[in-house]
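Q: I'd like to ask some things about the structure below.
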Amino acid sequence: MSNLQILINQLGKPYADLEFLLSCFSEVLVENGEAELAEVMPWISSNNARDIENFTHQHFHMFSVCFQLLNLAETNGAVQQRRKTEEGNSLTAINGLWANSLKILKDKEISPDNIIKTFKEISVQPVLTAHPTEAKRPVILKKYRELYLLLVKRENSMYNSYELEENRNEIKRILSTIWHIDEFYVEKPTVETELDNAIHYFVNVFPEVVQLLNRRLAQAWQYSGFDLNKLLNDNNFPQLKFGTWIGGDRDGHPLVTADVTQKALLKLRLNALMVIKNELNRLADDLSFYFDIAELPDPMLQRFKHMVAETGNENKTLISTSKNEAFKMLVLLFVNKLPVNPEHAEMLDLHDKKGTYTCSKQLVEDLELLKESLLQKKYNDLAYQSVNRAIYFVKTFGFHLAELDIRQNSRYYQLALEQLVEKSNPGNTQQPDWDINEKKSFLTKELKSARPFVQDYSTLATESKNTLECFQLLNTHIRNYSHYSIGSLIVSMTKNASDLLTVYILAREAGLTLFNETMIIKLHVVPLFETIQDLIDSPAILEEYFSYPEVQNSLEYQRKEKNLPVKTQEIMIGYSDSNKDGGILASAWFLYKAQKEIAEVGKKFGIHIKFFHGKGGSISRGAGPIHWFLRSLPHGTLSGHFKITEQGESIEKKYANKINAVYNLELMIAGNTLNTLLHKHLPEDIDEISDIMEFMGQESFTIYTGLLNNNHFLNYYQQATPIDIIEESKIGSRPARRTGKRSFADLRAIPWVFSWGQARYHITSWYGVGSTLEKMKNQFPEKYDKLKKLIPRNQFVRYVLTNVDTSLASTDKQIMELYAGLVTTDETRSEILNQLLQEFEKTQNLMNELLGRPINERRKNHYFSTKLRAEALETLHRYQVNYLEKWRSQAFGNENEKQETLNKLLLSVNAIANAMGTTG
């Protein structure tokens, strides 16, 4: 019996769906003259692809599509299983969703009033980034989305056999299209292309999802026995907002210029206005009942007259045709006040059109007045449902769709400042050699001054010119529109308070500051702590930073601008680089510890801390089930505001279809609300983990960095993984290295993780764990016994070890050895491979001992899915290794032959990424 048949018997329908999709694809191949390919299709063919003498582009492409079909079948299977579980058990049966979270709060005797009160403090913001971890082109993503919807249609029992046959033909048509489109990028995508892909989600997915999310909460609220009117009448839903880095992330990305940022801001604004316009037109339809203008409540009538006066004769036709439908007419007047040309939707028309809104807050005020008017006239349902929906919609998307964060490296800002100082005082030789104290003294002095360094930017060096052009653009955008469209000024690789204060001085140069007793920066400056040492230093850095009056006054200014109850400081913490720097245990522990200590610093200064979690799509970069991640955060570190990056292929995986998007966002919002309330209303548990996790973090850090510092390690890594192919790939607009240097330090965390995953080592998510556990067991048995007892009851410990367990299941000893064969030096291969294999075996054994049962019993679905993938992956790995060896030997050979080999390797990277379900 084949592995696929075993899965169909064990796990049922998802794998029967896979068999169906594969049979459709097989027919497509035969009909396209590819019968030989169909004969070696994984899982449904008895032939072994390794028997083929020449593994072509088409073979890699065929395997890649097959893996994507497996992903679709499993995704749909998970969605359908959740539906059955809720129907067969109850709404509370799915961990992490609203009904389950409300049940936990009810059991903890936290009242509905306290929950509602906390809803007003909740803000969740997923930030879509364009880090180069999505190997598939947008056109392919679109086709797979269509294919998924066709698969979902087959769940409906209403279709007869003829309709199902037509559905099957449509599936074959889409598969035929996919077959003829190259999946990988021939040229690197532009920033604009990446932004368009993100905008697809903001425009075509999230607007509908937002409303479904609120309906899910209302349903769970009522199911819990709470008063639904308290939730609906005041529109008391937790706030969801969106963000993006695309067009604003300039860290090591020379192509993100001020012009690119400006175009990104305007494109986001234009799409936001079109989305808002569609929502208002829907509201106008809801209010299309006869009602005389003269009967409007006086405040609304006066507002109507004011709007007419603002726009002159422009709305005469609208008023005359809708005069008998007063409420609809009011909404259409709101539509006409949007700062976009209705005849030329692609044109923003803020300055030329009379009486337009300057910001979304004004539209919300008009909608609130409309709601009050409907309530006065007893149209309660329309007020609480239709208008409340529109109000929430506008608060979510604003006139900007998603906040654009601006990120740059601290070293870049340092160079910009040095160049400005040098320009203002030619011949000054002191500043390039500033030590930390000299720089601090200089910055403290400059914070008191309003004068700029230079007047003419045209002759400035690259870093200072680019920085000031960017900051000037942001200042102009705020002046013309509002501050709502721009998120934070994120300073990556923040190593001291001076790195943050440098941004104040650069902002002053571009007019992005005010003076009111002290300097005030208009935009929020956010540190990004990434390395292990920076995480350790972060509390002291913030203690110093908060001590500056300029910082306190800036936070107060930003509080008023954003209408926040208290001063709030966003802190970004990096999961990717901390893992690359110290391994998974050190990264997990020092991130946890830093959050706890930073929250204490915030309390000391009366500042709410909003953590921005910079997570990626793989376990090595912080991925894991979001609801369990939120449960694992240290007590007292959730203030209600939660922000998180959504990167690369994880965007497609979570949000490509709307039902899955609702599920993943519900986990995020419900989880943030639940744990914010638990942190607020329940006492902190006795700290049981500090001594154990400090030991594990420090010990694993020593073991992990010992491997990295081995003289043979870098050579092994460069030869035993396809890192050189990944650096040649076209999967993102941003370079794989920050400055182009070929060094470990300069390599980004994403290709680092990606390359180890492609070769099935996954060392970034388990190396150092086994030796740490072994030392604890042998030398500190009381700690080891305590760890065993903590696993079932401590959320953080269980979350970290479960992620290690997941990664171990995806690691393959035989494939590791296969790639090790690419290492040309026996000594290098033997020394590093032996270390890796010994640590892998040690980690496997001790994890099984700690967790009690083998993974096939603990996590049946994951085990069988991994096993099925491994069957087909082995073929891909063998051919990737063959072509890697060939490509590297062609270094000085025929360019055409080398390019042909490279193209096959790029396809192999794509196929293996599809199989693993992750890249970086």
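Residue numbers (this note's numbering): 13 to 932.
Ideal Cβ placement from N, Cα and C applies to all residues, glycine included.
As the structure is a prediction and not an experimental result, all values here were calculated from the model.
From K335 to L207, what does the alpha carbon distance come to, in whole angstroms?
A: Here residue 335 is taken as the residue at index 323 of the sequence shown, counted from 1. Here residue 207 is taken as the residue at index 195 of the sequence shown, counted from 1. Near 42 Å, if we compare the C-alpha coordinates of L207 and K335.
Q: Are the beta-carbon atoms belonging to T717 and G586 less than 8 Å from one another?
A: Your numbering for residue 717 matches position 705 in the sequence shown. Your numbering for residue 586 matches position 574 in the sequence shown. No.
Q: Are the region 278–295 and the region 215–224 touching by the rule of at least three beta carbon pairs closer than 8 Å?
A: Yes, since at least three Cβ pairs between the region 278–295 and the region 215–224 fall closer than 8 Å, the two stretches touch.
Q: Look at the alpha carbon of T471 and the alpha carbon of N437, and state the distance between them as a whole number of angstroms.
A: The residue given as residue 471 occupies position 459 in the sequence shown. The residue given as residue 437 occupies position 425 in the sequence shown. Straight-line Cα distance between these residues: approximately 14 Å.
Q: Using a Cβ-Cβ cut-off of 6 Å (strictly less than) and excluding sequence neighbours within five positions of R881, which residues of its own chain qualify?
A: Counted from its first residue, the sequence shown places residue 881 at position 869. Closer than 6 Å at the Cβ level, and outside the excluded window around R881, lie A927.
Q: Go to S702, then tell me how far its alpha helix (DSSP H) extends in each direction, as first and last residue.
A: Here residue 702 refers to the residue found at position 690 of the sequence shown. Note, S702: alpha helix (DSSP H), 702–720.
Q: Compute the beta-carbon to beta-carbon distance between L9 and K349, rounded to the nearest angstrom, for a pair I have assumed lies under 8 Å.
A: Since the first residue shown for the chain is 13 and the last is 932, residue 9 is missing from the structure and cannot be characterised.
Q: If you count every other CB in all the chains shown that lies within 10 Å of the CB of K534, and 16 or more means buried, which is it?
A: Taking the first residue of the sequence shown as 1, we reach residue 534 at position 522. Counting Cβ neighbours within 10 Å, K534 comes out buried, since at least 16 surround it.
Q: Using only alpha-carbon positions, find the residue among W233, S35, L114 that is nearest to N687.
A: For this step, residue 687 is matched to residue 675 along the sequence shown. Nearest C-alpha to N687: L114.
Q: What did DSSP end up calling K608 once you bin it into helix, strand or coil?
A: As a working mapping, residue 608 is identified with position 596 in the sequence shown. Looking at K608 - three-state DSSP - the assignment turns out to be helix.
Q: How long is the line joining the alpha carbons of A321 and D378, rounded to whole angstroms?
A: For the purposes of this step, residue 321 is identified with residue 309 of the sequence shown, where counting begins at 1. For the purposes of this step, residue 378 is identified with residue 366 of the sequence shown, where counting begins at 1. Taking the straight line joining both Cα atoms gives about 16 Å.
Q: Would the region 395–405 and the region 473–489 be scored as touching if the rule is three or more Cβ pairs under 8 Å?
A: With the cut-off at 8 Å, the region 395–405 and the region 473–489 do not touch.
Q: Measuring only the C-alpha atoms, how far is V515 from K253?
A: Position 503 of the sequence shown, counted from the first residue, corresponds to residue 515. Position 241 of the sequence shown, counted from the first residue, corresponds to residue 253. Each residue's Cα considered, the two are about 26 Å apart.
Q: Going along the chain, which unbroken runs of the beta strand (DSSP E) with 3 or more residues stay wholly within the region 803–831?
A: With a minimum length of 3 residues, no continuous beta strand (DSSP E) run stays inside the region 803–831.
Q: Considering just the uninterrupted stretch of the alpha helix (DSSP H) at S76, what are its terminal residues?
A: Your numbering for residue 76 matches position 64 in the sequence shown. From DSSP, the alpha helix (DSSP H) with S76 extends over 69–100.
Q: Kindly give me the distance between the Cβ atoms of K10 and L858, rounded to whole angstroms, as I take these residues to be in contact under 8 Å.
A: The shown model of the chain, from 13 to 932, leaves out residue 10, and the question about it has no answer.
Q: Out of N248, K184, G929, Y235, which has the shortest C-alpha to C-alpha gap to N126?
A: By 1-based counting over the sequence shown, the position of residue 126 is 114. If we check each option's Cα against that of N126, N248 comes out closest.
Q: With a cut-off of 8 Å on the beta carbons, I'd call I704 and K787 a contact; round off their distance for me.
A: To locate residue 704, count along the sequence shown from 1; it is residue 692. To locate residue 787, count along the sequence shown from 1; it is residue 775. With 8 Å as the limit, I704 and K787 do not qualify as a contact, their Cβ atoms being about 12 Å apart.
Q: Would you please state the rounded distance, in angstroms, between the beta carbons of F131 and P250? I believe it to be under 8 Å.
A: On the sequence shown, position 119 is the one that residue 131 refers to. On the sequence shown, position 238 is the one that residue 250 refers to. Confirmed, Cβ separation roughly 5 Å.
Q: Can you confirm whether the region 219–232 touches the region 647–659 when touching is taken to mean that 3 or more C-beta pairs between the two stretches lie within less than 8 Å?
A: The region 647–659 vs the region 219–232: no contact.
Q: Measuring CB to CB, does L375 end up less than 8 Å from G260?
A: Taking the first residue of the sequence shown as position 1, residue 375 is located at position 363. Taking the first residue of the sequence shown as position 1, residue 260 is located at position 248. Cβ atoms of L375 and G260: not closer than 8 Å.
Q: DSSP three-state call for Q442: helix, strand or coil?
A: Position 430 of the sequence shown, counted from the start, is the residue given in the question as residue 442. Residue placement at Q442 is flagged as unreliable, the pLDDT there being 49, under the threshold of 50; the coordinate-derived value follows with that caveat. DSSP places Q442 in coil when its eight states are reduced to three.
Q: Ignore the nearest five residues each way along the sequence and tell me which others in H69's own chain have a CB closer than 7 Å to its CB.
A: Position 57 of the sequence shown holds residue 69. Closer than 7 Å at the Cβ level, and outside the excluded window around H69, lie N915, K916, L919.
Q: Which parts of the region 555–616 are runs of the beta strand (DSSP E), unbroken and 3 residues or longer, counting only runs that do not cross its ends?
A: For the region 555–616, whole beta strand (DSSP E) runs of length 3 or above, ordered along the chain, are 580–586.
Q: Closest to S877 by CA distance: which of F37, G89, H620 is it?
A: Locating residue 877 in the sequence shown gives position 865, where the first residue counts as 1. S877 has its Cα closest to that of G89, out of F37, G89, H620.
Q: If I follow the unbroken beta strand (DSSP E) through V320, where does it start and stop?
A: Along the sequence shown, one-based indexing puts residue 320 at 308. From DSSP, V320 is part of no beta strand (DSSP E) but of the alpha helix (DSSP H) over 310–323.
Q: Could you spell out the range, first to last residue, of the beta strand (DSSP E) harbouring N421?
A: The residue labelled residue 421 in the question sits at position 409 within the sequence shown. Where N421 is concerned, the enclosing beta strand (DSSP E) stretches over 415–421.
Q: CB-CB under 6 Å to N669, same chain, minus the five flanking residues each way: which ones, in chain order?
A: In the sequence shown, counting from the first residue as 1, residue 669 sits at position 657. So the qualifying residues of the chain are Y160.
Q: With a CB to CB cut of under 6 Å and the five nearest residues on each side skipped, what residues in its chain are close to A519?
A: Numbered from 1 along the sequence shown, position 507 holds the residue referred to as residue 519. For A519, where only same-chain residues beyond five positions count, the Cβ hits under 6 Å are F483, T525, I533.
Q: Could you pull out every residue in the same chain whose Cβ sits closer than 7 Å to the Cβ of L848, ignoring the five residues on either side in sequence?
A: By 1-based counting over the sequence shown, the position of residue 848 is 836. So the list reads Y773, I775, M828, once near-sequence residues are dropped.
Q: Can at least three beta-carbon pairs, one atom from the region 463–479 and one from the region 547–559, be found at a separation below 8 Å?
A: Touching, no, given that fewer than three Cβ pairs across the two stretches are closer than 8 Å.
Q: Classify E664: buried if its beta carbon has 16 or more other beta carbons within 10 angstroms, exposed otherwise.
A: Against the sequence shown, residue 664 aligns to sequence position 652. Buried is the call here.
Q: Using DSSP with H/G/I as helix, E/B as strand and the rest coil, what is H536?
A: In the sequence shown, counting from the first residue as 1, residue 536 sits at position 524. Of the three classes helix, strand and coil, the one that applies to H536 here is strand, per DSSP.
Q: Near S777, which residues of its chain fall below 6 Å by C-beta distance, leaving aside the five closest residues on each side in sequence?
A: Residue 777 sits at position 765 when you count from the first residue of the sequence shown. For S777, where only same-chain residues beyond five positions count, the Cβ hits under 6 Å are I596, I631, S632, S819.
Q: Residues in its own chain within less than 8 Å of I193 by CB, not counting five upstream and five downstream?
A: Residue 193 sits at position 181 when you count from the first residue of the sequence shown. Cβ within range, chain order: R149, V151, I152, K155.
Q: If you reduce the DSSP assignment to three classes, tell me which class S504 lands in.
A: In the sequence shown, counting from the first residue as 1, residue 504 sits at position 492. In the structure shown, S504 sits in a strand (DSSP, three-state: E or B).
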